Amino acid sequence: MADTTPNATPSVAYQNWAARQGRARRKVIVGRLLLLLGFLALWEYAPRNGMVNPMLTSYPSAVWDGFWDLIAQGKLGLHIGVTLMEVMISFAIAMILGTAIAICLWLSPMLERVLDPFLVVLNALPKIALVPIFYIWLGPTGSIYAVAIAVALFITILMLYTGFNQSDPNKIKLAKTLGAGQVQILTKVILPGNVHTFMATLKANVGLSLVGVIVGEFQASKAGLGYLIVYGSQIFRMDMVMAAIVILSLISVGIYLIVQKAEAILTR
Amino acid sequence: MTGDTTGRHLAVPPKIEFRNVDLHYFSTKGETHAVSDMNFTVNKGEFISIVGQSGCGKSTLLSLLCGLMQSTSGQVLIDGKPVKGPSPQVGFMLQHDSLFEWRTILENALLGPEIRGMDMPAARARAERILTNYGLGQFLHHRPTQLSGGMRQRAALGRTMCMEPDILLLDEPFSALDFQTRMSISEEIGEIIRREGKTAILVTHDIPEAIAMADRVIVLSPRPGRLKNIHDITFPSLGEVRPGCMAVRDAEEFKDYFHTIWTEMESDG
Ligand SMILES: Nc1ncnc2c1ncn2[C@@H]1O[C@H](COP(=O)(O)OP(=O)(O)O)[C@@H](O)[C@H]1O
Ligand SMILES: [Mg+2]
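Below, the structure written as structure tokens:
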């Protein structure tokens, strides 16, 4: 058996190596902070000194004020809550529906062969183009969910189905020799062997659902971060727009980190 | 073929019988004649090796015997009854150990009982006992990735044995191992199979391995695989009781068997 346990007492050479690693890690962190600070400083400096039009770009201190302004109005929580709920619901529906469809396709190769060209076209179609149609059919709220689900659904089906199909044929053969039927191959080999595919799909969908929801909110809505962005730009409050965008990126990073945590636990 | 070699007239049918078996694969690329007019029998407790060039239908024979597919014509019989599908009676060890890396060693061994809906507490006790016998007692709750190649192969044998099969099919199970591990693990697994009185068929293209482990060696022709010859392997110079796989490699008869089989396979070009 390969022994990978480290030595109990590290040598001097190892300690030097570890110290170098530590220094390199600190340099990376400092570099990142400098980049961020440099960007914020430039963003603050250039509009204030007439190098760019502050009406168009706003600047960090104004965004900060805009952020507190939104909180003072007591509406920020509502906007964040509305967007988050729309993202969560459409994300969940796209995942569940997509997984169910991928499983059906795997269980029935005939169905897969019939549906294949349609799925390819639907996946390639820019779903954003459907926003006006969804709006006419489903109204303001329904269209937001419809876009967000449509954006994430087809890629979910295709990613999962591809993963299922790439499962180790030797493991499938082995399960068959032990007497497994289609359903048992699914539950014992295909699904547990595709946890990483599932996680990759989840990660892709976090971003996609968010895109779908924001675009849906652009078309028509009375609340949500997408609404805030459109409204802010209409009344030329760039500070409000920028604040909403910053919050949006924080939300997407937050959800991504949650998914990553879940992956670490599931694939332990 | 005459009735004598197929054992058709015996009161007790042979453990395994291939009767005029033909197999054709059909694919969009065309038709492949993989096995042609196969006839042989294996008695209970016998260890048979099948050798032949790559692509001559060795794996196909095992798949037929395991019931993963049906012959195009002819019959494959176990205990005189046609094989209809996989049964717990037949255990299959593949070239890749195919341990599920998301399961522990013990959970891997319990895969078969789970699939067959067996009594799980009893299966668990059996799996623990078998794996412990195979020197894996310390590793029951380890993941396959934490084990060496030889240990993984023993775990795979444990998974097969947990179903308590009386026939074992081994499809080049040692070919992914390094030379040293291969020698010791084939000796070890050969011992286990003989000790437990299982009927076994080993497929390999390693002639020395085939001779060292088997009571009889079947030589197949290149595709479509036909039965070319059957050699009885005995070592009179080593006495009444056959010694282990390692010891027989030094016997005088061993070189002769090797030479004969080698020449037979060479002549196919
Ligand atoms: N599923 C399949 N479809 C079509 N041809 C196959 C299939 N499986 C095996 N064959 C062909 O049948 C022949 C025998 O294969 P196999 O039994 O795997 O040979 P071996 O195990 O002796 O190397 C080979 O020529 C192989 O290409
Ligand atoms: Mg083969």
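Protein chains in written order, with the UniProt record's numbering: chain C, 1 to 268; chain W, 1 to 269.
We treat Cβ as the ideally placed atom computed from N, Cα and C, and that holds for glycine.
These numbers were taken from a predicted model, which means no experiment stands behind them.
Residue i classed as buried or exposed, judged by whether at least 16 other C-beta atoms fall within 10 angstroms
i	result
arginine 126 (chain W)	buried
proline 14 (chain W)	buried
phenylalanine 47 (chain W)	buried
alanine 41 (chain C)	exposed
histidine 231 (chain W)	buried
methionine 242 (chain C)	buried
aspartate 97 (chain W)	buried
methionine 163 (chain W)	buried
alanine 264 (chain C)	exposed
lysine 198 (chain W)	buried
isoleucine 258 (chain C)	exposed
phenylalanine 26 (chain W)	exposed
valine 87 (chain C)	buried
alanine 94 (chain C)	buried
leucine 227 (chain W)	buried
arginine 159 (chain W)	buried
lysine 222 (chain C)	exposed
alanine 229 (chain W)	In the sequence as presented, alanine is not what sits at residue 229 (chain W); that position holds asparagine. So asparagine 229 (chain W) ends up on the exposed side.
tryptophan 106 (chain C)	buried
isoleucine 47 (chain C)	Sequence inspection shows proline at residue 47 (chain C); the isoleucine mentioned does not correspond to that position. Buried: at least 16 other Cβ atoms inside 10 Å.
glycine 38 (chain C)	exposed
serine 108 (chain C)	exposed
isoleucine 255 (chain C)	buried
threonine 41 (chain W)	buried
glycine 55 (chain W)	exposed
Residue i versus residue j: straight-line alpha-carbon distance, rounded
i	j	result
valine 151 (chain C)	glycine 212 (chain C)	6 Å
arginine 249 (chain W)	alanine 212 (chain W)	6 Å
isoleucine 71 (chain C)	glycine 77 (chain C)	8 Å
aspartate 171 (chain W)	glutamate 191 (chain W)	17 Å
proline 82 (chain W)	valine 76 (chain W)	6 Å
threonine 132 (chain W)	tryptophan 102 (chain W)	21 Å
phenylalanine 100 (chain W)	glutamate 107 (chain W)	9 Å
isoleucine 149 (chain C)	isoleucine 16 (chain W)	56 Å
leucine 125 (chain C)	phenylalanine 164 (chain C)	24 Å
histidine 142 (chain W)	alanine 146 (chain C)	46 Å
arginine 182 (chain W)	isoleucine 261 (chain W)	21 Å
isoleucine 233 (chain W)	glycine 98 (chain C)	58 Å
lysine 75 (chain C)	isoleucine 245 (chain C)	16 Å
isoleucine 136 (chain C)	serine 143 (chain C)	8 Å
aspartate 22 (chain W)	serine 63 (chain W)	13 Å
glycine 57 (chain W)	leucine 169 (chain W)	14 Å
threonine 2 (chain W)	leucine 61 (chain W)	For threonine 2 (chain W), the predicted structure reports a pLDDT of 44, less than 50, and the residue's modelled location is therefore unreliable. A value from the coordinates is still provided. Threonine 2 (chain W) and leucine 61 (chain W): Cα-Cα distance of roughly 21 Å.
serine 186 (chain W)	glycine 80 (chain W)	30 Å
isoleucine 91 (chain C)	leucine 84 (chain C)	First, the amino acid is wrong: residue 91 (chain C) is phenylalanine here, not isoleucine. Taking the straight line joining both Cα atoms gives about 10 Å.
proline 224 (chain W)	asparagine 39 (chain W)	14 Å
methionine 1 (chain C)	arginine 129 (chain W)	Residue placement at methionine 1 (chain C) cannot be trusted, given a pLDDT of 48 that sits under 50; what the coordinates show is reported in the next sentence. Taking the straight line from one Cα to the other gives about 22 Å.
methionine 251 (chain C)	alanine 204 (chain C)	Reading off the sequence shown, one finds isoleucine at residue 251 (chain C), where the question assumed methionine. Cα to Cα, the separation comes out at about 15 Å.
glycine 117 (chain W)	glutamate 196 (chain W)	25 Å
valine 82 (chain C)	isoleucine 133 (chain C)	22 Å
leucine 266 (chain C)	alanine 102 (chain C)	21 Å
glycine 179 (chain C)	alanine 34 (chain W)	24 Å
methionine 238 (chain C)	arginine 25 (chain C)	37 Å
isoleucine 189 (chain W)	glutamine 260 (chain C)	43 Å
valine 120 (chain C)	serine 249 (chain C)	30 Å
Cutoff 8 Å: residue i Cβ touching any chain A Cβ
i	result
leucine 111 (chain W)	This model lacks chain A altogether, as its protein chains are C and W.
Which runs of the alpha helix (DSSP H), 4 residues or longer, sit entirely within the region 173–231 of chain W? Runs of the alpha helix (DSSP H) inside the region 173–231 of chain W: 179–195 and 207–213.
Residue ranges of each beta strand (DSSP E) run of no fewer than 3 residues wholly in the region 163–249 of chain C, ordered along the chain? None, since the region 163–249 of chain C contains no complete beta strand (DSSP E) of that length.
Alpha helix (DSSP H) runs contained entirely in the region 76–128 of chain W, provided each spans 4 or more residues: Entirely contained in the region 76–128 of chain W, the alpha helix (DSSP H) runs reaching 4 residues are, in chain order, 105–109 and 111–116.
For a minimum of 4 consecutive residues, which ranges assigned as the alpha helix (DSSP H) are wholly contained in the region 141–171 of chain W? For secondary structure counted as the alpha helix (DSSP H) over 4 or more consecutive residues, the region 141–171 of chain W holds these complete runs in sequence order: 149–161.
Quick test of the definition: if touching needs 3 or more C-beta pairs under 8 Å, does the region 170–189 of chain C touch the region 138–154 of chain C? No, because fewer than three Cβ pairs between the region 170–189 of chain C and the region 138–154 of chain C fall closer than 8 Å, the two stretches do not touch.
Would the region 191–207 of chain C count as touching the region 47–63 of chain C if we require 3 or more Cβ pairs under 8 Å? Counting C-beta pairs closer than 8 Å gives fewer than three between the region 191–207 of chain C and the region 47–63 of chain C, which falls short of the contact rule.
At least 3 beta-carbon pairs within less than 8 Å: the region 213–232 of chain W vs the region 42–58 of chain W: Because the criterion of three Cβ pairs below 8 Å is met, the region 213–232 of chain W and the region 42–58 of chain W touch.
Segments of 4+ residues assigned as alpha helix (DSSP H) that fall wholly inside the region 97–157 of chain C: Segments of the alpha helix (DSSP H) lying fully in the region 97–157 of chain C: 109–124.
Hey, which unbroken runs of the alpha helix (DSSP H) at 4 residues or more fall wholly within the region 16–74 of chain C? Restricting attention to alpha helix (DSSP H) runs no shorter than 4 residues, the region 16–74 of chain C encloses them at 54–57 and 60–72, ordered along the chain.
With a cut-off of 8 Å, do at least 3 Cβ pairs link the region 221–240 of chain C to the region 67–74 of chain W? Counting Cβ pairs under 8 Å, fewer than three are found: no touch.
Are three or more beta carbon pairs between the region 251–258 of chain W and the region 84–94 of chain W nearer than 8 Å? With the cut-off at 8 Å, the region 251–258 of chain W and the region 84–94 of chain W do not touch.
Could you tell me whether the region 144–164 of chain W touches the region 104–121 of chain W, using the rule of 3 or more Cβ pairs below 8 Å? Yes, they touch.
Should the region 195–211 of chain C be called in touch with the region 157–176 of chain C, which here means at least 3 C-beta pairs below 8 Å? Because the criterion of three Cβ pairs below 8 Å is met, the region 195–211 of chain C and the region 157–176 of chain C touch.
Please specify which runs of the beta strand (DSSP E), each continuous and at least 3 residues long, are wholly inside the region 226–262 of chain W, giving them in chain order. DSSP runs (the beta strand (DSSP E)) wholly in the region 226–262 of chain W: 227–232.
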